[in-house]
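Participant: Below: one structure in structure tokens.
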Amino acid sequence: MTKRVVRAATPQEIAKAEEKQADVAAKPAARFVSKKERSRTVVLEYPVEYDGTVYEELKPGRLSGAEVSEFAEILRGIPDGESYQVQMVAFFCRVPEDVIAALDSDDFLEVSDAASDFLPRKLQMAIEQTSETGANTPAS
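Residues in the sequence shown are numbered consecutively from 0, following numbering that gives the first Met the number 0.
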């Protein structure tokens with residue numbers, strides 16, 4: 000059994016940590032300024048309850064650059080022959096995959112269509128190409 004030793008921080012260490020936090024807080028954040036729609040609300044005909052939360056609507060939306068990279072990593076991890084639809088919709092709606100998997104079929108198709116509208120153009124083209132060839136994930 001390993002013992003864990005905890006010690007109090009010195010006043011200098013505390014000051015340094017507070018200074019670092021202030022620097023992070025002072026750094027300006029980039030934000031979207033476009034007036035174009037970045038998300039769409041889909042009211043569910045058949046709400047879903049998951050982990051104590053009732054989902055009556057879902058809001059798929061556009062991704063940031065960092066999120067596109069994260070989404071591409073998810074797609075790369077899906078084995079050939081498996082669908083990526085549930086993961087994609089969950090990612091674009093920013094909800095757990097179990098919520099999407101539990102949706103009524105009509106709600107699932109409506110939310111999927113809405114999420115697809117926010118796919119980056121190049122990913123849309125890649126998905127269309129792979130659909131034609133029978134592959135399940137976009138080509139890199």
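Ideal placement from N, C-alpha and C gives every residue a C-beta, glycine not left out.
If you're wondering where the values come from, they're calculated on a predicted model, not measured in any experiment.
What is the rounded straight-line gap between the Cα of Ser139 and the Cα of Ala14?
Facilitator: With a pLDDT of 43 at Ser139, under the threshold of 50, the predicted position of this residue should be treated as unreliable, though the coordinate-derived value follows. Distance between the alpha carbons of Ser139 and Ala14 is about 47 Å.
Participant: Val47 bridges to which residues according to DSSP?
Facilitator: Tyr54
Participant: Check Val85 in the structure and name its three-state DSSP category.
Facilitator: helix
Participant: Using a Cβ-Cβ distance cut-off of 9 Å, determine whether Arg39 contacts chain C.
Facilitator: Here there is only one protein chain, and chain C is not present.
Participant: With DSSP run on the structure shown, which of helix, strand or coil describes Ser38?
Facilitator: strand
Participant: With a 10 Å radius around its C-beta and 16 neighbouring C-beta atoms as the bar for buried, classify Leu108 as buried or exposed.
Facilitator: exposed
Participant: Report all residues from its chain with a CB closer than 7 Å to the CB of Glu96; omit the five preceding and five following residues, and keep chain order.
Facilitator: Val85, Gln86 and Ala89
Participant: Given a threshold of 16 other Cβ atoms within 10 Å of its Cβ, counted over all protein chains shown, does Pro59 qualify as buried or as exposed?
Facilitator: buried
Participant: Quick check on the DSSP output: the alpha helix (DSSP H) that includes Phe70 runs from which residue to which?
Facilitator: Gly64 to Arg75
Participant: Suppose contacts are defined by Cβ-Cβ distances below 9 Å. Is Glu66 in contact with Thr40 by that definition?
Facilitator: no
Participant: Checking 9 Å against the spacing of the C-beta atoms, do Val94 and Tyr45 come in under that value?
Facilitator: no
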